[in-house]
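Note sheet for the following structure.
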Amino acid sequence: MSGTDPGPVVQRILLGAELRDAREAAGLSTADATKALGWYAGKLSKIEQGDAKVTDKDLAKAIKVYGIVDDRAGRLRELAVEARRRLPPARVPDWAVKYVNLLAAAHEVKIFNIDVIPGTLQTYDYAYALLAEAVMFSPAELDRMAEERAARAERFLSGEARLWLVLDEAALYRQIGGPKVLRKQLERVKELAARPNITVQVIPFDGGAHASHGVAFTIVNLFEGRPGIVYVESLTGSDYLGREHTRAYNLAYDKLRVAALSERQTIDLVVRRIAEL
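Take the sequence shown: its letter number 53 is residue 128 in our numbering, and every next letter is one higher.
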């Protein structure tokens with residue numbers, strides 16, 4: 076994970092993963108642990124997935140039931156405190172707040188997008204044009220939301236995180252905001268692709284079938300040696316898929332990279348599209 080403050084959302088995910096490891100080490104199923112802890116059905120799963128805060132009382136109960144030793148228990152208490160911090164709200168839909176926090180703390184991100192450049196890499200004008208057509212935002216929010224989207228690419232420009240991006244060729248042609256806006260956006264993609272920590276590839280129209288038709292997704296890896304989190308977004312919500320799903324999505328991503336043009340071929344294609352606009 077990067078050296079920046081990971082924020083409470085990421086600390087919650089780490090705490091949940093630690094508690095899941097401790098439960099499994101104690102030989103307890105989710106149902107058995109829920110009963111022993113005296114919690115309502117579903118509470119343990121939410122905590123282990125990082126979707127619920129852990130009170131001092133709940134953590135003390137888990138430490139006792141799982142038989143967690145003093146040193147590790149101390150680290151978990153510190154994590155729980157960090158996980159309850161409050162940060163200024165991001166100007167994104169409620170379902171995307173967790174995603175924005177994950178991106179800010181990730182050491183590696185893998186993105187597959189179909190017909191648009193992903194929000195993480197959008198210029199202000201491109202982002203504004205997309206947001207203006209969305210059904211979930213008020214006009215008063217658009218300017219600041221577009222600014223925040225454009226700022227998120229700075230983390231990759233600074234080299235803090237590893238980024239892999241696979242795009243369908245359609246993303247190079249859909250004129251979000253018109254030709255001039257698309258041209259500026261593709262110039263940003265070209266600039267990013269020249270960075271040593273960023274790899275951009277395009278799946279060409281004539282490439283035939285591939286591993287993820289109709290499904291854009293992002294894999295966020297936070298910690299070395301731990302499964303990543305898969306983020307899949309719809310118009311009005313999103314899913315955060317845990318380690319049971321990451322193997323399939325990582326396999327799909329590997330197949331997408333094989334189906335895509337090489338980095339050099341991709342840059343050549345992007346340059347040609349810029350010249351056409």
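Glycine residues also receive a C-beta, built at the ideal position from the N, C-alpha and C atoms.
Remember, predicted model here, so these are calculated numbers, not experimental data.
Bridge partner(s) assigned by DSSP for residue i
i: Glu266; result: DSSP lists no partner for Glu266.
i: Leu316; result: Val305
i: Trp239; result: Lys185 and Thr274
i: Val295; result: Val184 and Ile304
Buried or exposed (CB count within 10 angstroms, at least 16 for buried), residue i
i: Met47; result: Residue 47 lies beyond the stretch modelled for the chain, which goes from 76 to 352, so this question has no answer here.
i: Leu177; result: buried
i: Gln250; result: exposed
i: Val198; result: A small correction: the amino acid at residue 198 is Thr; Val does not occupy that position in the sequence shown. Classification for Thr198: buried.
i: Tyr115; result: exposed
i: Leu89; result: buried
i: Thr311; result: exposed
i: Glu351; result: exposed
i: Gly78; result: Here Gly78 scores only 46 on pLDDT, less than 50, and its place in the model is too uncertain to base an answer on.
i: Arg339; result: exposed
i: Asp218; result: exposed
i: Pro83; result: buried
i: Pro193; result: buried
i: Phe187; result: buried
i: Ser337; result: exposed
i: Val175; result: buried
i: Tyr328; result: buried
i: Tyr141; result: buried
i: Gly300; result: exposed
i: Val333; result: exposed
Nearest residue (CA-CA) to residue i, options the options
i: Leu273; options: Pro279, Val264 and Asp96; result: Leu is not the amino acid found at residue 273; the sequence shown has Ile there. Out of Pro279, Val264 and Asp96, Val264 has the C-alpha closest to the C-alpha of Ile273.
i: Leu331; options: Gln276, Thr109 and Leu103; result: Gln276
i: Lys132; options: Gln260, Arg152, Ile192 and Leu297; result: Arg152
i: Ile349; options: Glu222, Ala246 and Ala111; result: Ala246
i: Val85; options: Ala268, Leu344, Gly125 and Ala269; result: Gly125
i: Arg87; options: Ala101, Ser104 and Ser120; result: Ser120
i: Gly149; options: Ser287, Gly289, Ala135 and Arg258; result: Ala135
i: Ala225; options: Lys259, Leu316 and Ser213; result: Lys259
i: Arg147; options: Glu222, Ala97 and Ile186; result: Ala97
i: Arg159; options: Asp145, Leu112, Ala127 and Glu99; result: Ala127
i: Gly253; options: Ala202, Leu240, Ala209 and Phe280; result: Ala202
i: Leu267; options: Ala221, Val345 and Gly317; result: Val345
i: Val144; options: Ala323, Leu94 and Ala179; result: Leu94
Whole-Å CB distance - residue i paired with residue j, under 8 Å assumed
i: Ala155; j: Val129; result: 5 Å
i: Ile294; j: Val305; result: 6 Å
i: Ala181; j: Asn296; result: 6 Å
i: Ile189; j: Ala291; result: 5 Å
i: Val191; j: Leu205; result: 7 Å
i: Phe231; j: Leu238; result: 5 Å
i: Ile138; j: Gly91; result: Between Gly91 and Ile138 the Cβ distance is about 14 Å, and since that is not below 8 Å, they are no contact.
i: Ile278; j: Ala323; result: 19 Å between Cβ atoms; not a contact.
Which parts of the segment 192 to 267 are runs of the beta strand (DSSP E), unbroken and 3 residues or longer, counting only runs that do not cross its ends?
237 to 243
What runs of the alpha helix (DSSP H), each 4 residues or longer, lie entirely inside the segment 111 to 156?
118 to 123 and 131 to 141
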